[in-house]
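S.K.: Residue numbers (the numbering used here), protein chains in the order written: chain S, 28 to 281; chain G, 157 to 462; chain E, 206 to 276; chain L, 1166 to 1295.
Every residue, glycine too, gets a C-beta built ideally from N, C-alpha and C.
The structure presented is a predicted model; accordingly, all values stated were derived computationally and were not measured.
Dropping the structure in here first, questions after.
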Amino acid sequence: MSEWPAAAVDYVQAITDTKLVLGHRYAQWSLAGPSLEDDIGGSSAAQEEVGHVRQLFRKLESQGRDGDWLRGDRDPEEFANASCLDAIDGDWTEYMATIAPVDRAAWYMLDAVDRDDMDGMITKMGEDEYFHLEYHDARLETLADESPEKLRSTLAETLPSALALIGPENLDDDADPLVDAGFTSQSVEGIRERFVDHYRDLFADTDVSLEDVDWDAPDADAWDETRRRVGGGGIRKEDLVQIRGERNAEFAIE
Amino acid sequence: MPTEKQLKKQLQNGKMIESEAEMTEGYKKALKRILLVSGDTELMSAPAYYDQSLNAPSIDARASCISVVQDELGHGHIAYRLLEDLGEDRQELIYEREPHEFRNTYGFDQHLENFAELVTAHGIFDRAGMVLLGDIYENTSYAPWKRALTKVEKEEQFHLRHGETWMRRLANKSDKTHGRLQDAVDWMFPMGVEWFGMSDEQKRNTEQLDYRIKGKSNDELRQDWLSRTLPLMEELELDVPAHYDEEADEYVLEYDMPVAFDQENKEWRFDEPISWDDVIDRWRNRGPANEKYVNMIQSGEVSVQV
Amino acid sequence: MTGTTKYAVFGRRNEGDDTLHLGTVSAHSDRLAKTYAYNTYDEEDWNYLAVVREEDLLEVEGGNVRREVPQ
Amino acid sequence: MSAKQRTGGASGPSHESEFVQRRRAGASTFEEQLWTELDGIPDPHIPVSLVEMAMVYDVTADDGHVDVEMSFPCMGCPAYDMIKNDVRSCLRVVDGVDSVDVDVVWDPVWSKDMLTEPVREKMRNSGISL
């Protein structure tokens, strides 16, 4: 496989880490839904994210990233996951309002990748993502009726975090190095627009106000281009223990 | 509407039931009872498998284990939706009962404390579930359940395969991991034996058999399970208190079932026989993880250990 | 779930096969019911999968229909 | 040696889809033997082989080293590592094979259209299909 520009490796790493942590959140919340159907959907999505992650790991390994490091042999500060996934403290509504924008943002970023050698893989991922995103929107619509205030306050945090994952708006067609390198066919600015339009439309006729959302986030100067977020932080120790499989290390098979 | 006696006769001759309108009160009651046990058992296996699945030793193992959790939730869904079709409130059954009101098998009231216990549960508990449901799939007179079980058969095949593969891996990895498997089998095997209920000579659950809701008796099912479990134990050199008796042409236990169980230490006291009433009492009082597991399903939250 | 609607789920494995009544899901909206059906009945890669609000399903024979002329 | 192997696999067994036949067409006699071995591995969920499922895309042997290209019907397949292990351990014991690499590919994306009618019939008869 040909070598990618360094910025492309970071870009795919951020998508991958986001999916890694996202898959873990799906699994952690897979018994906490308001109906059995929600739990079944969550545990299904958890497996699909793992499926995506292990293929993305292979791509990143081909670009020189170490396999053990990828699978969790690193500090929380070395994960480039969307910041709002660092911890979800709340109930199932807050969980849904956290994972939905992140899953969508990560998919738009993947969908923008324009490489023949990743085309089939991304098409296959899209088949899974179609139902993830349909489900999230269907759920957000019902939650908009049931608890608009909780949705509003959670989305005010999570939408800017998802936007930070996508990137700052100054990365337009002329300035986005990945577009310039031919790695993506849509600039960060274009992805942002697609993302923002989607959520404005989804909540347009509901009681959920998006007025407080900072749609301009992230501030380009404060943005960490490797971790694709603003500010520090990272997943908790307990998450890392689980992702690494530390408690059952003695049963690992090489 | 036929009398109970007429219906039983028709069912023994192969009649299938499609809807509530064709059921006698007796049939409906017996069917609901076994559906509730089945639904609760499938549902509670999910939280029982949850912790070790999240802590699985690799990302691939984690995906497989979560897939088992998903399947179990799906199998629970089948039983509860069939109960819903018979007039029960599904939401109430799952989310509004008290922990002690659940009727799942005692095995899923236990904490699974490491990955060896999880894969042993896939390998031997799921096999018990499969033997029970396989009988219903083949023999039941309730057509909607039979149709739904096609999915279950297919998925449980995978659970077994997953459990066996991992048990084989751990048995061959090192003496230490083999020992962990043996520890798991020591308490789980007798629990699997007990799963099928009291022996036929003491009581036959005749209602369920007379209505052909299921086809095989407790002892027949237990033999089925033993005949599939023991060869695996032998292959993996895991000791269990049972063997095949050539003369009797059946699998025999090397202790007098039922025996006392020390819940705290997960140890069977094989030299302390008890009555089936004692066993039923132990089941009704529920096991150590019952409340935790029901809360996990009902809470709508995830408790983060910090 | 309060305010949920029960949906019947129908599926066909391959083109040319019979359409089967697979079971039910309960959901707050049509859109949600579709995604529930997709995940809950995932044992097959269906060639056709559909949900119908149970209240819209009118039984003609079988089921709970009795063919008796009222007195 | 079977007639099929003598002809260098130009015509595979009838349960193979056009897709598999095309992939198998250029196989050497030895590679044909490896295809036949792989045809013995059942899918863990259903009673057909990985070859019948059209999950094996290509088999190439070079001086004792075998490369297998395969794909999966779903990316999150719970049996992902098990199936890859099956493929490796199935081929590793074949005379003349020293090492096996399994490469998972997504081009072309697997689809049900790759299955033949006899294979679908087999799945239908067992009450299940994909």
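1. Please name the residue or residues paired with L409 (chain G) in a DSSP beta bridge.
2. Note down the Cα distance separating R283 (chain G) from R324 (chain G), rounded to an integer number of angstroms.
3. Would you report the Cα separation of E238 (chain S) and E184 (chain S), rounded to the nearest angstrom?
4. Just reading off the beta strand (DSSP E) that G153 (chain S) is part of, what are its end residues?
5. In chain order, what residues of the same chain have a beta carbon less than 7 Å from the beta carbon of M1166 (chain L), not counting five sequence neighbours either side?
6. Tell me the rounded alpha-carbon separation between A398 (chain G) and Y298 (chain G).
7. In chain S, which residues lie with their C-beta within 8 Å of the C-beta of Y236 (chain G)?
8. To the nearest angstrom, how far is the alpha carbon of A142 (chain S) from that of T120 (chain S)?
9. Any idea which residues DSSP pairs T229 (chain E) with across the strands?
10. Let me know if K46 (chain S) comes out buried or exposed under the rule of 16 or more other beta-carbons within 10 Å of its beta-carbon.
11. Give me the DSSP bridge partner(s) of L254 (chain E).
12. Keeping to the same chain, check which residues put their C-beta closer than 7 Å to that of L191 (chain G); ignore five residues upstream and five downstream.
13. Please confirm if the region 171 to 188 of chain S is in contact with the region 110 to 126 of chain S, defined as three or more CB-CB distances below 8 Å between the two stretches.
14. Which complete alpha helix (DSSP H) runs does the region 326 to 389 of chain G hold, if anything under 4 residues is left out?
15. Taking the DSSP output, what are the residues bridged to T1225 (chain L)?
16. Relative to the C-alpha of L83 (chain S), which candidate in S:M145, S:R274 and S:R254 has its C-alpha closest?
17. Mind listing, in chain order, the continuous alpha helix (DSSP H) runs of no fewer than 4 residues lying wholly within the region 224 to 274 of chain S?
18. Starting from D241 (chain G), follow the alpha helix (DSSP H) in both directions and report where the run begins and ends.
19. Fully enclosed by the region 65 to 97 of chain S, which alpha helix (DSSP H) runs are 4 residues long or longer?
20. Excluding five sequence neighbours on each side, which residues of the same chain lie with their C-beta closer than 6 Å to the C-beta of V257 (chain E)?
21. So I215 (chain G) packs on R98 (chain S), CB below 8 Å; how close in whole Å?
22. Looking at chain S, which residues of the region 231 to 261 of chain E have a Cβ within less than 8 Å of any of its Cβ atoms?
23. Please confirm whether any heavy atom of the ligand PLP lies closer than 6 Å to the CB of R378 (chain G).
24. With DSSP collapsed to three states, give me the class of P1207 (chain L).
25. In this structure, what does DSSP give as the bridge partners for W424 (chain G)?
26. Look up E178 (chain G) in the DSSP assignment and give the residues it is bridged to.
27. Report the CB separation of E75 (chain S) from D155 (chain S) in whole angstroms; it is logged as a contact under 8 Å.
28. For C1255 (chain L), return the contacting residues in chain S, with the cut-off set at a CB-CB distance below 8 Å.
29. Give the residues of chain E in contact with K472 (chain G), contact being defined as C-beta atoms less than 7 Å apart.
30. If you measure beta-carbon to beta-carbon, which residues of the region 82 to 98 of chain S are closer than 7 Å to chain L?
31. Output needed in chain order: residues of the region 1238 to 1264 of chain L with a Cβ under 9 Å from some Cβ in chain E.
32. Enumerate in chain order the residues of its own chain whose CB-to-CB distance from F106 (chain S) is below 8 Å, with the five nearest sequence positions on each side excluded.
33. Helix, strand or coil, according to DSSP, for D1268 (chain L) in the structure here?
34. Evaluate A132 (chain S) with the Cβ neighbour count: other Cβ atoms within 10 Å of its Cβ, from every protein chain shown; 16 or more gives buried, anything less gives exposed.
35. Can you pull out the residues from the region 284 to 303 of chain G whose beta carbon lies closer than 7 Å to at least one beta carbon of chain S?
36. Checking contacts by CB at 7 Å: is G268 (chain E) closer than that to chain G?
M.R.: By the coordinates alone:
1. L409 (chain G) is bridged to G:A398.
2. Between R283 (chain G) and R324 (chain G), the C-alpha separation is close to 16 Å.
3. So the two alpha carbons sit approximately 12 Å from each other.
4. Per DSSP, G153 (chain S) belongs to no beta strand (DSSP E); it is in the alpha helix (DSSP H), D146 to E173.
5. Summary for M1166 (chain L): the model assigns pLDDT 35, below 50, so the residue's position carries little reliability; its value from the coordinates is reported in the next sentence. The answer is none, since no qualifying residue turns up.
6. If you take the alpha carbons of A398 (chain G) and Y298 (chain G), they lie about 34 Å apart.
7. Within chain S, the residues whose beta carbon sits less than 8 Å from that of Y236 (chain G) are L63, listed in sequence order.
8. The amino acid occupying residue 142 (chain S) in the given sequence is Arg; Ala does not appear at that position. When rounded, the distance between both Cα atoms is 37 Å.
9. Within the DSSP secondary-structure output, T229 (chain E) pairs in a beta bridge with E:A213.
10. K46 (chain S) should be labelled buried.
11. Under DSSP, L254 (chain E) shares a beta bridge with E:G216.
12. Within the same chain, A235, L238 and L239 come within 7 Å of L191 (chain G) by CB-CB distance, once the 5 residues on both sides are set aside.
13. Put simply, the region 171 to 188 of chain S touches the region 110 to 126 of chain S. At least three CB pairs are less than 8 Å apart.
14. Runs found: 331 to 351 and 362 to 366.
15. In the DSSP assignment, T1225 (chain L) is bridged to L:D1232.
16. For the residues S:M145, S:R274 and S:R254, the minimum Cα distance to L83 (chain S) belongs to S:M145.
17. Counting only runs of 4 or more, we get 264 to 271.
18. I215 to D241 is the span of the alpha helix (DSSP H), which, as asked, contains D241 (chain G).
19. Runs of alpha helix (DSSP H) with 4 or more residues, each lying fully within the region 65 to 97 of chain S, are found at 94 to 97, listed in chain order.
20. Excluding positions up to five away in sequence, the list reads A213.
21. Here I215 (chain G) really is in contact with R98 (chain S); their C-beta atoms are around 6 Å apart, less than 8 Å.
22. Within the region 231 to 261 of chain E, the residues whose Cβ lies closer than 8 Å to some Cβ of chain S are S231, A232, H233, S234, R236, L237, K239, T240, Y241, Y243, N244, T245 and D247, listed in chain order.
23. The ligand PLP is not among the ligands present in this structure, which contains no ligands whatsoever.
24. Three-state DSSP puts P1207 (chain L) in a strand.
25. Per DSSP, G:F417.
26. BP columns for E178 (chain G) are empty, so no partner.
27. That belief holds up - the Cβ atoms of E75 (chain S) and D155 (chain S) are roughly 4 Å apart, short of 8 Å.
28. Per Cβ cutoff of 8 Å: no residues; C1255 (chain L) is ~18 Å from chain S at best.
29. The requested residue 472 (chain G) does not occur in the structure, where chain G is confined to residues 157 to 462.
30. Within the region 82 to 98 of chain S, the qualifying residues are Q82.
31. Those would be P1238 and C1239, in chain order.
32. Correct list, in chain order: D44, L47, V48, R254, G261 and I262.
33. Annotated three-state conformation of D1268 (chain L) is strand, per DSSP.
34. A132 (chain S) is buried by the Cβ-count criterion.
35. The residues in question: there are none.
36. Yes, G268 (chain E) counts as interfacial toward chain G.
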